[in-house]
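Numbering (the working numbering), first residue to last: 804 to 1011. Ideal placement from N, C-alpha and C gives every residue a C-beta, glycine not left out.
Have a look at this one:
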């Protein structure tokens, strides 16, 4: 499978998983649909990644699994640190609100159906890493320099969240991209992204 075919197929699957729950008539059914589509989509993209046999330029010499796990776990705290710095800049310099409507909405959904935490803490991050890091960077790096592809994919990652916190999500995108490129395996950024989302959601639930 070519990188182009793999990337486009990955994006199509993501778009279906992202928008399909909106077709369900009630909030309850939409929440269940989100859980199913996000987790199912994550498994499907993991399978597609496994069978695609595509290798990006920086994946040719991947680090061993021990290194991936170490960087993946360290990346959780690095991402949270960068998130806090970016949030402070948004508030103090850009004058944006410190609260995130996206996070508040997610927390309210979790309180309605606690299994929804699997969608936002596991399924969602896995989908996003395969799409915005591997597929998008893979497609872009054939046309533009890798560093520029990373910036573009991080900006798209921020815009898709539609939360107004462009700097914050762009910074997170850059962190996850760095972890991915440094180790040559997408699983590094997946570990960090899943871990960060899970930690943030759990702490937020205990604080509300």
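Problem set entry | Buried/exposed call for residue 928, threshold 16 Cβ in 10 Å | As a first step, residue 928 must be located in the chain shown, where it is residue number 125. With 16 or more Cβ atoms within 10 Å of its Cβ, residue 928 is classed as buried.
Problem set entry | Complete alpha helix (DSSP H) runs within the region 949-983 (minimum length 4 residues, chain order) | 949-964
Exercise. Closer than 7 Å, CB to CB, is residue 1009 near chain D or not?
Worked result: Protein chains in the displayed structure number just one, and chain D is not present.
Problem set entry | residue 982 vs residue 874 beta-carbon contact at 7 Å | Here residue 982 refers to the residue found at position 179 of the chain shown. Here residue 874 refers to the residue found at position 71 of the chain shown. Yes.
For this session: Assign residue 824 to one of three DSSP states: helix, strand, or coil.
Result: Translated into positions along the chain shown, residue 824 becomes position 21. Here residue 824 sits in helix by DSSP.
Problem set entry | Close-in-space but distant-in-sequence residues of the same chain around residue 862 (CB under 6 Å, 5 per side omitted) | The residue labelled residue 862 in the question sits at position 59 within the chain shown. Excluding positions up to five away in sequence, the list reads 987.
For this session: With a threshold of 16 other CB atoms inside 10 Å of the CB of residue 999, please say whether the residue is buried or exposed.
Result: Working through the chain shown from its first residue, we reach residue 999 at position 196. By the neighbour-count rule (16 or more Cβ atoms within 10 Å), residue 999 is buried.
Exercise. Using CA coordinates, which residue listed in 1010, 858, 994 is at the minimum distance from residue 868?
Worked result: On the chain shown, position 65 is the one that residue 868 refers to. If we check each option's Cα against that of residue 868, 994 comes out closest.
For this session: Find the nearest neighbour of residue 956 within the set 851, 940, 811, judged by alpha-carbon distance.
Result: Here residue 956 refers to the residue found at position 153 of the chain shown. For the residues 851, 940, 811, the minimum Cα distance to residue 956 belongs to 940.
For this session: Answer with buried or exposed for residue 853, where buried requires no fewer than 16 other C-beta atoms within 10 angstroms of its C-beta.
Result: Within the chain shown, numbered from 1, the residue matching residue 853 stands at position 50. Label assigned to residue 853: exposed.
Exercise. Since residue 886 is in the alpha helix (DSSP H), which residue starts that stretch and which ends it?
Worked result: The residue given as residue 886 occupies position 83 in the chain shown. It spans 868-895 - the alpha helix (DSSP H) in which residue 886 sits, taken as one unbroken run.
Problem set entry | Through-space distance from residue 978 to residue 858, alpha-carbon basis | Reading the chain shown from its first residue, position 55 is the one you call residue 858. Reading the chain shown from its first residue, position 175 is the one you call residue 978. Their backbone Cα atoms lie some 21 Å apart in a straight line.
Exercise. At what residues does the alpha helix (DSSP H) containing residue 861 begin and finish?
Worked result: For this step, residue 861 is matched to residue 58 along the chain shown. Run containing residue 861: none; DSSP gives neither H nor E here.
For this session: Tell me where the alpha helix (DSSP H) around residue 832 begins and ends.
Result: For this step, residue 832 is matched to residue 29 along the chain shown. Segment 830-855, the alpha helix (DSSP H) holding residue 832.
For this session: Could you please give the first and the last residue of the uninterrupted alpha helix (DSSP H) stretch that includes residue 930?
Result: As a first step, residue 930 is located in the chain shown; it is residue number 127 there, counting from the start. 927-931 is the extent of the alpha helix (DSSP H) around residue 930.
Exercise. Residue 999 lies in the alpha helix (DSSP H); which residues open and close that run?
Worked result: For the purposes of this step, residue 999 is taken as the residue at position 196 of the chain shown. That run of the alpha helix (DSSP H) goes 989-1010.
Exercise. Beta carbon of residue 825, beta carbon of residue 840: below 7 Å?
Worked result: As a position in the chain shown, residue 825 is number 22, starting the count at 1. As a position in the chain shown, residue 840 is number 37, starting the count at 1. For residue 825 and residue 840, no; Cβs fall outside 7 Å.
Problem set entry | Sequence-distant residues of its chain with Cβ nearer than 8 Å to residue 884 (five each side left out) | Taking the first residue of the chain shown as position 1, residue 884 is located at position 81. None.
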